[in-house]
Structures are given as C-alpha cells and as structure tokens.
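Peer 1: My questions will all concern the structure given below.
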C-alpha cells in the first residue's frame, strides 16, 4: 500500500503567481515590442506626405495650410465644410461669403454642382473637372500644359490677377474659344489661360486651372500668393469646401445592414463569445498527457512479404519456381521413403512409379519446365501441388489409390506442410 | 482555470434578452455588454467559492502484482484538507496500457472528509505500469468556472507474464509421474537409476527380473528404476532484436517466456534445478538457485519487466554465462529464433562450445502465416508469396540441420505449440536419460 498521507499532495501545476513570475519576461518583452511598433507607426505617419490635397489644415507639400493661415492672419474668417449641406448652412449664415471649392475625386453630381454655384457671390474653383465645366461653364475647355505664358502681366482686367503679375509656367490651363464672353487671364497662346473668370447670374465664378498654385509647395512661386490672397480674401468670410463621400447620393435598394434588425449584430458577437467559451470548455485538458514507452512492433512475416514483392517486381519467375520445387521435392522425397539427400533422378523415378505417371512428365513438373510468362508460373505451381496431392493419395491410401480427396489418416511429423488440403476450385486458374 | 458547459450555455442564453428587447443596435449592444458582464461576474464569484484543488491529501492502495489479462482495482483516497467543499472531477492518470478505461470520476468531498475513488484496471501489456499524477478540477457551487491542479501521486503495478501455457502442465506432470516408477508401469532406459528391489507381481516386465536376487530370496524379485533427479537445467532467453518480431499478435519474447515458464515448472516438479538468464549483450534478468514455488514467482517477477532490446544478440558471451551458472553437465535450452543462415552464424559458431559439455536444445517460434502462405497460390502475387514462404522455410530447415549437425536438438512450433513441444522434448530427454 502506497501512502502519501499526512501532508497535502505536491502540485505540479504552477500557481497563478508562479506562472506570472515565470512568464514575466515574455509579457514585458511583448508589451515593449508593442510600444516600439506604435511609436514607429506614429513617427512614420508624421513624416509622410499624406492628407487631403489643398486641405486647409494640411501642412504637407500638397496641402494649403500656408494659404489658410495667412488668410486668417489677414482677418478672413475661414470655415471648412465637408458636405454640401454644411457649405449651404455656412453660406446662409454669412452676409457676404466667398466659396473655395475643389473636388479632385469628382464626388458631386451635376445637380449638386448647380446648387453649389448659387451659394455665394464669389466662387473660386481649383482644378475644375469635366463635369463641372459642362455644368457651369460649357464653353470652357481644357488647354493642356503651358510651357510659358505670353509676356508680363495678366493681360486681363481681373484685379487679383493684375496684382499677381504672373504665374509659374508648367501648370495646367483652360481654353476659351476666340469669340467667347468669358475673360481669361495669363494667356499662353492658342487661346489657353491659367485663370478663367465666368460671370454666372448667381455667382462670380473663377476657375483656376492648376491646383499647384494654391499648394504649400508652390504658393511662394511667382505671383501665386498674390493671386490666391486676392481671389480668396475678397470678403470677410471664406467657406473652404472640399466634398467627401458623404456628398455622394445614395441610390439603389437599401443595403443588407439597413434591412437587418438591431439585435442581429449583437447576437453574432454573442455567439462569437459562446464559441470562445465552448473552445475553452472543450479544449482545456484535464491534466498533462501521460507518456509511455511502447515496444517496437515488427511482424515476423515482413521479410517474407518483402522477398515476395522483390520476386514479383523483378519477375524472378524461375527463381520463385525453384523455391517451390526444392520444397516440394524434399517433401516428396520423405513421402516416397527416400532420404532428403537422395538424387533428383531417384526421386523422379520413385514418384512416377508411385503415381503411375510418365517419368518425363514428372520430370517436367519437378525440374525441366521453364516458365516464360506469369501464367506459366501459376500453371507450374498448380502442377506441383497436383503432383504432391497425387503422391499423398497414393502413399497414404495405397489400397484404394483411385479413391481421391481423403486426407491421410496420420501423416508423419515431417510433412506438416502438406497436411492442409488445398482449396478446391483453385485449379480453374 | 477553465469553464464548464453550463457557463457556455449561460452565455448562449443571452440571445433571448437580446432578441426580445434589442429593438435598435445600441440597445441590443447594451444588453449584450450587460449579459457578458453578468456571466463573467457569476463566473468569478463561482471561482472564488470553489474549493482549492491543491489542499488535498492523496493515498493509494494498490496490489503490487497482477497477471496479464486479469483485472485489479486501484484505490485512491482523496482527503479534502481545505476549508471549503470540493466538487471535483478527478482524473487518475494511469498509463494507457494499464487499461483504466474511463479514468474520470466526479465526486464531492466536504471539508475535512475523505472519499474513495476505485478504478478497475485491466492491463493489456506486460511490464511495470505506472501512475504519476492525479488531476483535480474543482467547480464552484454554481458549476460555472473551475480551478484545476495536477498533483503528484505515484503508484506502480507489476504486470506479470500470463503463463497461459500452464494449462499444459497437469498432463505433462502426469507423464512425468509415469516415468517416475510410482505407477505400476516401470520404465527402463539407458540413463535411469537403480531404485530398489521388490517382489514380482503379474504384469511386470520380465526383463526387469533380477535373477541373482531371485536366487537369494527363493522368490521372483524385480528391480525398479526411477528417472534421474537433481540435474541442472539452464534456460537462456534471447532478448535481442529478433525477439521483438511479432508472430500471431505475440512477440517471440513472450512466447519464449511461456515456454521457459512451462519448462521450469515441469523441471522443478521433476526434481531438477532450474536456472534462467535473459541475455542480449548483457544480462537483462537472472534467476538462480530458486526451488519449487519460489522459482516460478521469481521467474515471472524477473521476466515481467524485460522487453526486447534493439541489439544484436551476443552469442559469444553465452558460454561464459552458462559456465558462471554451473560447471556440471546440464540441459541448456536456448530460446531464440532461427531465421536465415546469415543471421544464425554467430549461434552456430558457439554451439560446439556448449554441446561439448552440455545437452543443448535450441527452441524457436515458427510463423504459421508463412506455412499458410505456401498453400495459397491462386494468383500471381500469391504464387510469388508462396515461393518466398517456401524459401524462408527452406532457410529455417537448413539452419536447423546445421544446428543438429553441431550436436544440439531443435524444437520449433507456432506460438501456441512451442511451450508444450519444449516440455515434451524435455520429457523425452529425461526418458532417454540424456540429461
């Protein structure tokens, strides 16, 4: 009787405290790695030139924070709008607003663009797209990139353009037909201009072809700053409107999310938690696995099977048949009363005498037949068994040799291999 | 720590209030959060109220020995030394081949009390079966969360060889008594010893009449004889790599154990002294100088823990081992395997050393599937298989002939047959007085 009484059994499972102490290093290392990753992401994010182009709070090269800050310093009240509704509210609240608008992603539809044109007395559009030109100024087209502008001065009567004096070459332009009513500033030949002023009934629309002119990167070049400040600082209120996805009109049938009842998403979350709990419930092992050394299991007949496959793969018909013959001959020798070492001719003669078969035929079965094909091999093997059975019948029941199929009454101990009668019907093959 | 199925169900039930009351996503989300908080709160409370699985005393009561195939009961007493009631699921972590079946028991132990876990074991492999640990999972009163600890509680049982061959023992002992002269039939042989003289009764062999004594006593007197006694039998069991081969779902080594046990039982009944060694490159087990019932118990005890080693048998060391056991003439039984000629070279090389001084019997298991394969010749695969089987049998026959040429006897048989055949061979040797 094994007794462990007296004291509590020793636990091999570590306590929570011990487990925490042991895994402290890894927990700390993990937290440290997480902190490093967060810090690296933040630092990398600050250095990259992301953000919306021409946004008023974007300090990246493509942003327009420089322009916005200068406008604020000059006393212009700048407010940003993210949707058309916001812009409309702001415009309604102001007595004399100026609207800055740029939409590089083309979010607004032509209806919304028509609405836009009626918001403020002055509207400055930077980098207008095709839809906007079609809607608001159908006569204005795209003019390509200007390598240089014609002569000094704006060559128009727009005050801000006159004060600016010039723009840097290399930007996009807009084209006007020769007989149009619109005014163009900063011509670059062939009827293309950097700034186009369109007088609409509801607003004074100024189209600035190139978005680089207002950006932080190029605002100081040539007369860009004077042009931008002159256009946008014309009144005390400036609405800085850049459309977002919220402006895109919702169309089509309601989405799956709108159709589902409110409890569906929480239920899915609940079932995720149930899944976790079930995983812990079923996955937690009741103690460690028990190890046990198991013996090697080798079947003794494997060498025999392996040799058989070798014979079969290399088509060693004669070698296989020899094995069968040698074994049969030895058994027959004992059966006919000769020694195991008797000569083959003696055995052939004895067997033929016993069974009454032709010695040549017996010799063919036991010695001479060469199997050319696998079918021959099977046939020869059958002949061997046939002969062996005939000898057993003849020697076991000499008086009634004709009566077949009776097994020998008491076979000698040395011929156990021949005791079992072969299966009938096997000879068909 | 772990959770129960009940806790999973509790969390899943949260879907009812969420569906019934959660009209909008925000409300439903709030219900979800509250329900999870409630479930986890109940779980934590349950965990805090669960009895400690560490404050437990364990005692074991085990029989030390069991025969392979028999069933024993492992008793484990669990004393709760903690202040709270222990609602536990207990796993007694026996090795798989101890045959424990379902080794999980759920029980409740009030504080300070003791409970018994009894587990029926039916080992299905010989040798020493161990248990090292007991795992206790302690649930709280609500059965939601549980604490778990694995405790050390070592125990071991020794599973002895089955000795199925003992069914052959009574008939062999009867035949032994027939040899012994205690029955009316007197057996005379070349090596039998003169026992006594007695009066002739009808039925006695007339050849055993002692004419000189008859003349002296004026009555017909016969001599009686009895077989030799107090001979030495040395059993050498090969535990090398070939003994690992499995024949009829039994390793050669197990068959060798059966044969050795039957021979030892018979020989000790016949008054001979039996010694046994299990050997490959070193001695794995040795039983020497034991008599009677002690001999068998010591043998099964020694053999229980011996497994085949993946080593080549060192036959060159065997004569020295036999010499260390006895310097007299003895019957040396080598329980090994006879395979191919190449593998048996070492055995054949040392046999003359043994046969010069002793009577040697080489016993080997044959594979009945090989014999069976020689008869099955229905198709191409089977004919080749039969050829390979015949080749294997021829190899065995050649090695057996070589062994006989060296002066030793060969006993072969399938696993069920080898032990009685070896016993019969021993009786035959005894009858012939060749011991």
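Chains as they are written, first to last, in this note's numbering: chain A, 42 to 470; chain W, 3 to 437. Glycine included, each C-beta is placed from N, C-alpha and C at the ideal position. Note that the coordinates shown come from a computational prediction; the quantities given were computed from them, not determined experimentally.
(1) Between residue 263 (chain W) and residue 298 (chain W), which are expected to be in contact by the criterion C-beta below 8 Å, what is the C-beta distance as a whole number of angstroms?
(2) Determine the chain A residues that contact residue 31 (chain W) at a beta-carbon separation under 7 Å, and present them in chain order.
(3) Leaving out five residues before and five after residue 444 (chain A) in sequence, what residues of the same chain have Cβ atoms less than 6 Å from its Cβ?
(4) Alpha carbon to alpha carbon, how far is residue 289 (chain W) from residue 340 (chain W)? Give it in angstroms, no decimals.
(5) Between residue 53 (chain A) and chain W, is the shortest Cβ-Cβ distance under 8 Å, so that the two count as touching?
(6) State the DSSP-derived secondary structure class of residue 171 (chain A), mapped to helix, strand or coil.
(7) Between residue 343 (chain W) and the rest of its own chain, which residues show a CB-CB distance below 7 Å, the 5 nearest in sequence each way excluded?
(8) Mapping the DSSP letters down to three states, classify residue 123 (chain A) as helix, strand or coil.
(9) Could you tell me the alpha carbon to alpha carbon distance between residue 210 (chain A) and residue 187 (chain A), rounded to whole angstroms?
(10) Report yes if the C-beta distance between residue 285 (chain W) and residue 364 (chain W) is below 8 Å; otherwise report no.
(11) Per DSSP, residue 201 (chain W) forms a beta bridge with which residues?
(12) Output the distance between the C-alpha atoms of residue 432 (chain W) and residue 414 (chain W), rounded to the nearest integer angstrom.
(13) Just to confirm, are residue 310 (chain W) and residue 255 (chain W) a CB contact at a threshold of 8 Å?
(14) How close, in whole Å, do the beta carbons of residue 131 (chain W) and residue 97 (chain W) come, if the pair is a contact with beta carbons under 8 Å?
(15) In whole angstroms, give me the CA-to-CA distance for residue 442 (chain W) and residue 104 (chain W).
(16) Going residue by residue through the region 235–281 of chain W, where are the continuous beta strand (DSSP E) segments of at least 3 residues, counting only ones entirely within it?
(17) Relative to the C-alpha of residue 383 (chain W), which candidate in A:350, A:216, A:403, A:249 has its C-alpha closest?
(18) Step through the CB atoms of chain W and report whether any lies within less than 8 Å of the CB of residue 12 (chain A).
(19) Could you name the residues of chain W that residue 387 (chain A) contacts, counting a contact when the two beta carbons are closer than 8 Å?
(20) Could you spell out the range, first to last residue, of the alpha helix (DSSP H) harbouring residue 393 (chain A)?
(21) Would you say residue 101 (chain W) reaches chain A, if we count a Cβ-Cβ gap shorter than 8 Å as a contact?
(22) So with CB distances below 8 Å, who are the chain W contacts of residue 364 (chain A)?
(23) Against residue 304 (chain A), what residues of chain W qualify as contacts under a CB-to-CB distance less than 7 Å, listed in chain order?
(24) Tell me whether residue 24 (chain W) is buried or exposed, calling it buried when 16 or more other Cβ atoms sit within 10 Å of its Cβ.
(25) Take residue 271 (chain A) as the anchor and find which of A:388, A:164, A:136 has the nearest alpha-carbon.
(26) May I have the straight-line CA-CA distance separating residue 283 (chain A) from residue 109 (chain A), to the nearest angstrom?
(27) Would residue 252 (chain A) pass as an interface residue toward chain W - the criterion being a Cβ-Cβ separation below 8 Å?
(28) Between residue 17 (chain W) and chain A, is any beta-carbon pair separated by less than 8 Å?
(29) Which residues mark the beginning and the end of the beta strand (DSSP E) in which residue 186 (chain A) is found?
(30) Take residue 331 (chain W) and list the residues in its own chain whose beta-carbon comes closer than 7 Å to its own, dropping the five residues that flank it on each side.
(31) Going straight from the alpha carbon of residue 403 (chain A) to that of residue 236 (chain W), what length do you get?
(32) Taking CB distances under 8 Å as the criterion, tell me whether residue 147 (chain A) reaches chain W.
(33) Return yes when the Cβ of residue 267 (chain A) is within less than 8 Å of the Cβ of residue 204 (chain A), no when it is not.
(34) Name the chain A residues whose beta carbon is nearer than 8 Å to that of residue 382 (chain W)?
(35) Relative to the C-alpha of residue 84 (chain W), which residue among W:55, W:63, W:73, W:72 is closest?
(36) By DSSP, does residue 370 (chain A) sit in helix, in strand, or in coil?
Peer 2: Looking at the coordinates:
(1) 7 Å
(2) 307
(3) Note that residue 444 (chain A) has pLDDT 36, beneath the 50 cutoff, so the model's placement of it is unreliable and no number is given.
(4) 25 Å
(5) yes
(6) helix
(7) 397, 400, 401
(8) coil
(9) 6 Å
(10) no
(11) W:223
(12) 19 Å
(13) yes
(14) 5 Å
(15) Here chain W comprises residues numbered 3 to 437, so residue 442 (chain W) is not present and cannot be evaluated.
(16) 247–249, 275–281
(17) A:350
(18) Residue coverage of chain A in this structure runs from 42 to 470, which leaves residue 12 (chain A) outside it and unanswerable.
(19) Here the premise fails: no neighbours, minimum Cβ distance about 20 Å.
(20) 385–396
(21) no
(22) 389, 390, 392, 393, 396
(23) 20, 21, 24, 30
(24) buried
(25) A:164
(26) 14 Å
(27) no
(28) yes
(29) 182–186
(30) 359, 360
(31) 49 Å
(32) no
(33) yes
(34) 353, 415, 418, 419
(35) W:55
(36) helix
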